[in-house]
Each structure stands twice: as C-alpha cells, then as structure tokens.
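Everything below concerns the one structure shown next.
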Ligand code: AMP
Ligand code: ZN
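Residue numbers (this note's numbering): 47 to 161.
Dropping the structure here:
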C-alpha cells in the first residue's frame with residue numbers, strides 16, 4: 047500500500063472517517079464534502095489506483111460494490127427513489143483521490159449530462 051494514499055489510510059483505520067459499512071474487502075464511508083443528502087464512498091480495501099487499473103484478478107469486485115450500494119441504498123432510504131453510482135477516472139474524469147472508489151449519491155434528483 048502506498049504510504050501516502052488517503053483511502054488506504056482510511057480503510058486501515060489509521061485516519062478517522064464516518065464509516066457506515068465494513069467487510070473484508072470493502073469499506074463505505076460518508077463523503078466529507080457531500081454533494082447530495084446521501085453521499086457515500088464505497089472503497090475497496092485493495093489499493094487500485096483507478097478504474098483504469100482494474101484487472102482480471104479483480105473479477106467480482108465491481109459487482110460486489112454494486113450489490114453493496116443496493117444494500118446501503120435500502121438502509122439509507124434512497125433505494126425506491128433511486129440513486130447514482132459514479133466512478134471518476136483520471137484528470138478529465140474528475141478523480142482527486144488515486145484509490146478506486148465508487149460514489150453513491152441519493153436523496154435528490156440528479157441532472158444529466160453531468161458537468
Ligand atoms: P474523486 O474526486 O472521485 O476522487 O472523489 C474523492 C472524494 O473523496 C471527494 O468527493 C472528496 O470529498 C472525498 N474525500 C476527500 N477526503 C475525504 C475524507 N478524509 N473523508 C471522506 N471523504 C473524503
Ligand atoms: Zn490506496
């Protein structure tokens with residue numbers, strides 16, 4: 047794990063976070079700067095720099111994240127109205143933390159196309 051990776055430090059517990067879920071492969075926390083009434087980050091424990099770096103060895107990880115998002119959406123009361131899952135990739139994608147994570151945004155209607 048890169049010693050300076052913010053999300054490695056959060057999933058290991060070295061840095062505090064508002065954690066809402068944790069298992070052996072994924073941690074979910076509240077985004078520190080929420081862009082919707084519900085804004086969670088689903089973070090694989092494994093350090094993968096971005097969705098560009100996901101490989102065959104990570105088979106199942108993204109579907110696990112989607113399934114977890116569905117479960118958390120239920121728990122947080124946004125399942126019925128719907129929500130948005132976002133993976134920002136690289137500079138043009140708006141990625142600011144180089145450790146793969148999926149945003150789960152809900153609690154308000156989302157515009158399309160994104161900015
Ligand atoms: P991205 O821009 O897609 O890489 O997403 C990074 C997200 O991490 C942003 O929405 C930030 O608000 C969020 N973030 C940054 N630092 C923290 C932190 N310490 N705890 C929780 N969320 C954070
Ligand atoms: Zn990391």
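Quick reminder that beta carbons are idealized off the backbone N, C-alpha and C, glycines included.
These figures come from a predicted structure and were not determined experimentally.
query	result
State the start and end residues of the unbroken alpha helix (DSSP H) segment that holds residue 108.	107-121
At a cut-off of 8 Å, would you count residue 47 as near ligand 2, judging by its Cβ distance to the nearest heavy atom?	yes
Which partner residues does residue 150 have in the DSSP bridge list?	86 and 131
Mapping the DSSP letters down to three states, classify residue 97 as helix, strand or coil.	helix
What is the rounded straight-line gap between the Cα of residue 105 and the Cα of residue 158?	29 Å
Taking the alpha carbon of residue 93 as the reference point, which residue from 77, 146 and 118 has its own alpha carbon closest?	146
Are the beta-carbon atoms belonging to residue 150 and residue 88 less than 9 Å from one another?	yes
Can you give me the C-alpha to C-alpha distance between residue 134 and residue 121, rounded to a whole angstrom?	24 Å
Would you mind sorting residue 75 into buried or exposed? The rule is 16 or more other CB atoms within 10 Å of its CB.	buried
With residue 76 as the anchor, note down where its beta strand (DSSP E) starts and where it stops.	72-76
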